[in-house]
Amino acid sequence: MDASICWVVESLVHCYLTVMKGAKVATLYWKYYNVYAWGVPTLLVASGFIVRRVKGIQVFGPSGGYCQVADNDLRLYIFYVELW
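Under the working numbering, the first residue of the sequence shown is numbered 5, with each subsequent residue one higher.
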């Protein structure tokens, strides 16, 4: 999962809550924002290393200028699943 998408979602949710519920309510969710925006990408990167260690499948590697996921299908799957 692209970490930048997590941060964009976090910002949008915070703006939405600020407008709809008020700033005090929105700030109550900061710990959840951080768990989501830091935790989800960290877990996905860790899972790539775990897959490599357990299954011997190379997940990360040279793949172009913008992404380090080596397999084309896996790269598309990782990116587009989070958009749904």
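Positions of the beta carbon are idealized from the N, C-alpha and C atoms, including for glycine.
Predicted model, so just to flag it, every value in this text is computed and none were measured.
Problem - For I9, the three-state DSSP class (helix, strand or coil) - result: helix
Exercise for the section: Kindly list the residues whose CB is nearer than 7 Å to the CB of W11, restricted to its own chain and excluding five residues on each side of it in sequence; keep chain order. Expected result: A41
Practice task
Using the Cα positions of I9 and F53, report the straight-line distance between them to the nearest angstrom.
Solution key: 21 Å
Practice task
Tell me whether G60 sits in a helix, a strand or coil according to DSSP, three-state version.
Solution key: coil
Practice task
Compare the beta carbon distance of H18 and A7 with 8 Å and say whether it is the shorter of the two.
Solution key: no
Handout entry: Distance between V13 and Y81 (C-alpha atoms, nearest Å)
Key = 19 Å
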